[in-house]
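Engineer: Sharing a structure with you now.
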Amino acid sequence: MAEVLQKLILDTLDVQSSIKDTRDLVIPGQTRPASSNEDQITILGALNSLLSREMIKYDTHEIISHVLTAEGALILKDGSHEARVWSVLPMKGETPMTPARLKKAVGDETAKVGQGRAFKNGWIGKEGDGLVKAVSEIQDATQIDLQEIASTGTLKAGEKTLADLRKRKLVSQKKGQWFTAHKGEQFSTSTAKPETDLTADMLVSGSWKTATYKKYNFEAEGTPTAGGALHPLLKVREEIRNIFLEMGFAEMPTSSFVESGFWCFDALFVPQQHPARDLQDTFYISDPAEALPPNPDYYKRVSTIHEHGGYGSAGYRAPWSHEESNKLLLRTHTTASSAHMLYKLAAKCRGESTEEIPGIGASRSTGKDGKDDGFRPAKLFSIDRVFRNETMDATHLAEFHQVEGVVADRNLTLADLIGFMRVFFNKMGIEQVRFKPAYNPYTEPSLEIFAFHPMLDRWVEVGNSGMFRPEMLEPMGFPKDVRVHGWGLSLERPTMIRYGINNIRTLVGHKVSIEGVENSQAVMF
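Numbering of the sequence shown is given in the numbering used here, commencing with residue 55 and proceeding in unit increments.
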């Protein structure tokens, strides 16, 4: 069939020079013009085959027609709902038909739909408790319109009537197409395909001498090789990770997405009445509901400083809840992992642990009295996911990444923290940095970090930092002169700034542009 159609098109063009409307063609084996959409799809296949050989050119024309739905076909056969209701009612003056008898006569659906439209058309009226005909004869306009649509695919009455029929689901739109065709550069009435390969058989038979060959495009570049690409978040993550490693930090293990309320809040000296513990802010685990208990002595020291104070602190002077401390939850910050590591570091100071901890200095430092108390400085970092019960919008998700670092050493000061932050952000390409006093339950003093972004021409918050409180460190067993710097920033915010993304849902999720991932650069600012 394909070759027959191609021959028909070429012969028609040879005689007429152009085909103005392919709907006028008569497909071999048929006696009618190819007016149906199915016929045009068949013709399109032949046109594309000839176009690929530059034998013809063609233009596409779209046409919208209407077809009857199953309900529309039923109305075309039996009449509209309102006409069927009118047909079974008695004339005015005769015994009226009750609604119950009407439903029995024409069916529930026809009676329900037809009554309203028949009343609206003035075809029927109410007499007593029943219904009667109000006119002696009617013209079923709906059935007449559907007859016209069935035969022509359109309606002369106009779009308003068509829209009403579509709303009643009696007709539906159907897109079709037809084509005009012209001669191409390689026009010929022969449908023989050019050879693409020179075979051994052609050489033996000699047919290669008279064969027509397809031209080779030696300038074609070919299809680019597809390869994998790192997501922008991973590129920025790797850059920040390399900065930490370059500055002598070691990466903390952060695989524990589920933490206890003790490690996520209590060990950090976050009060048990803090809003961050509410269901509106934290995802709690229902099974299992409780965590395994921490070291009893350490647990006692933490609960005591919360409830009664100690180590020079008045504490929170609020009742301690074991139930609140034992709850399991999805960690709200990676500082919970930092607390684990600091506790292990303090345990080595006390000689209670021989576990190797990455990032700890090789040489021990001595206290003010010159004695070796077992403490060794440490520099640790982590980049991993945290979870918060946020309302999702353009700048918030319930799951995001937190970049965190801690430095533990003797007699550290706030000036050391500020100096370190300036060096760290300078390595990220951020040269203008400001600090603003802030409040955190587990750091004092605390600083919010702002950076000037030249692309946005304004200062933006990029992180939070501070010095961990003695109420957090001393219950762990650290010597009094040991100080710990801590800071954190999100991974998503600098990534969005770098790549000009204003909606986080286009950075993470199903709306991510694959092309954008492939073309994104690895430089942050």
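Backbone N, C-alpha and C define an ideal beta-carbon position, used for all residues, glycine too.
Look up residue 186 in the DSSP assignment and give the residues it is bridged to.
Structural biologist: In DSSP, residue 186 forms a bridge with 179.
Engineer: Quick check on residue 76: does DSSP put it in helix, strand or coil?
Structural biologist: Here residue 76 sits in helix by DSSP.
Engineer: Alpha carbon to alpha carbon, how far is residue 315 from residue 458?
Structural biologist: Cα to Cα, residue 315 sits roughly 19 Å from residue 458.
Engineer: Does DSSP put residue 349 in a helix, a strand or coil?
Structural biologist: Three-state result, residue 349: coil.
Engineer: Take the Cβ of residue 82 as the centre, count every other Cβ of all protein chains shown within 10 Å, and call the residue buried at 16 or more, exposed below.
Structural biologist: Result: exposed.
Engineer: With H, G and I counted as helix, E and B as strand and the rest as coil, what does DSSP make of residue 109?
Structural biologist: Correct three-state label for residue 109: coil.
Engineer: Looking at the unbroken beta strand (DSSP E) that takes in residue 249, where does it start and where does it end?
Structural biologist: Where residue 249 is concerned, there is no enclosing beta strand (DSSP E), given that its DSSP letter is neither H nor E.
Engineer: DSSP three-state label for residue 136, please.
Structural biologist: Note: residue 136 maps to helix in three-state DSSP.
Engineer: Where does residue 552 fall in DSSP's three states?
Structural biologist: Residue 552 falls in the helix class under three-state DSSP.
Engineer: Check residue 531 in the structure and name its three-state DSSP category.
Structural biologist: In this structure, residue 531 counts as coil in the three-state DSSP scheme.
Engineer: Could you tell me how far apart the beta carbons of residue 456 and residue 470 are, in whole angstroms, since I believe they sit closer than 8 Å?
Structural biologist: Not really, about 22 Å apart at Cβ, beyond 8 Å.
Engineer: Measuring CA to CA, which of 326, 330, 191 and 212 is closest to residue 376?
Structural biologist: Cα-wise, what sits closest to residue 376 is 326.
Engineer: For residue 537, count neighbouring C-beta atoms within 10 Å of its own C-beta (all shown protein chains included) and say buried if the count is 16 or more, exposed if not.
Structural biologist: Flag for residue 537 reads buried.
Engineer: Closer than 6 Å by C-beta to residue 238: which residues in its own chain qualify, once you throw out the five before and the five after it? Chain order, please.
Structural biologist: Taken in chain order, the residues that qualify are 108, 109, 110 and 111.
Engineer: Skipping 5 residues on each side, what residues in its chain have a beta carbon closer than 7 Å to that of residue 74?
Structural biologist: Excluding sequence neighbours, residue 74 sits near 234.
Engineer: What ranges does the beta strand (DSSP E) occupy inside the stretch 287–368, keeping only unbroken runs of at least 3 residues that lie completely in it?
Structural biologist: Entirely contained in the stretch 287–368, the beta strand (DSSP E) runs reaching 3 residues are, in chain order, 312–314.
Engineer: In the DSSP output, what is residue 439 paired with across the bridge?
Structural biologist: Answer by DSSP bridge pairing, in chain order: 455.
Engineer: Roughly how many angstroms lie between the CA atoms of residue 368 and residue 397, to the nearest whole one?
Structural biologist: C-alpha separation (whole angstroms): 22 Å.
Engineer: In terms of alpha-carbon separation, which member of 395, 259, 308 and 341 lies closest to residue 385?
Structural biologist: Among 395, 259, 308 and 341, the Cα nearest to that of residue 385 belongs to 308.
Engineer: Under 7 Å between the Cβ atoms of residue 323 and residue 496?
Structural biologist: Yes; because the gap between Cβ atoms is below 7 Å, this pair is in contact.
Engineer: Helix, strand or coil: how does DSSP classify residue 578 here?
Structural biologist: A caution first: residue 578 carries a pLDDT of 47, below 50, which makes its placement in the model unreliable, though a value can still be read off. Coil at residue 578, not helix or strand.
Engineer: Once DSSP output is grouped into helix, strand and coil, what is the label at residue 263?
Structural biologist: Looking at residue 263 - three-state DSSP - the assignment turns out to be helix.
Engineer: Express the C-alpha separation of residue 203 and residue 124 in angstroms, rounding to a whole number.
Structural biologist: The alpha-carbon atoms of residue 124 and residue 203 are separated by roughly 14 Å.
Engineer: Would you decide whether residue 57 is buried or exposed? Buried here means 16 or more other CB atoms lie within 10 Å of its CB.
Structural biologist: Exposed, since its Cβ has fewer than 16 Cβ neighbours within 10 Å.
Engineer: Which same chain residues, not among the five before or five after residue 578, have their C-beta less than 7 Å away from its C-beta?
Structural biologist: Low confidence applies to residue 578: its pLDDT is 47, below 50, so where it sits in the model is not reliable, and the reading given next is rough at best. So the qualifying residues of the chain are 290, 293, 482, 483, 548 and 552.
Engineer: Hey, how far is the Cα of residue 584 from the Cα of residue 90?
Structural biologist: The requested residue 584 does not occur in the structure, where the chain is confined to residues 55 to 579.
Engineer: With DSSP as the reference, label residue 511 as helix, strand or coil.
Structural biologist: Here residue 511 sits in coil by DSSP.
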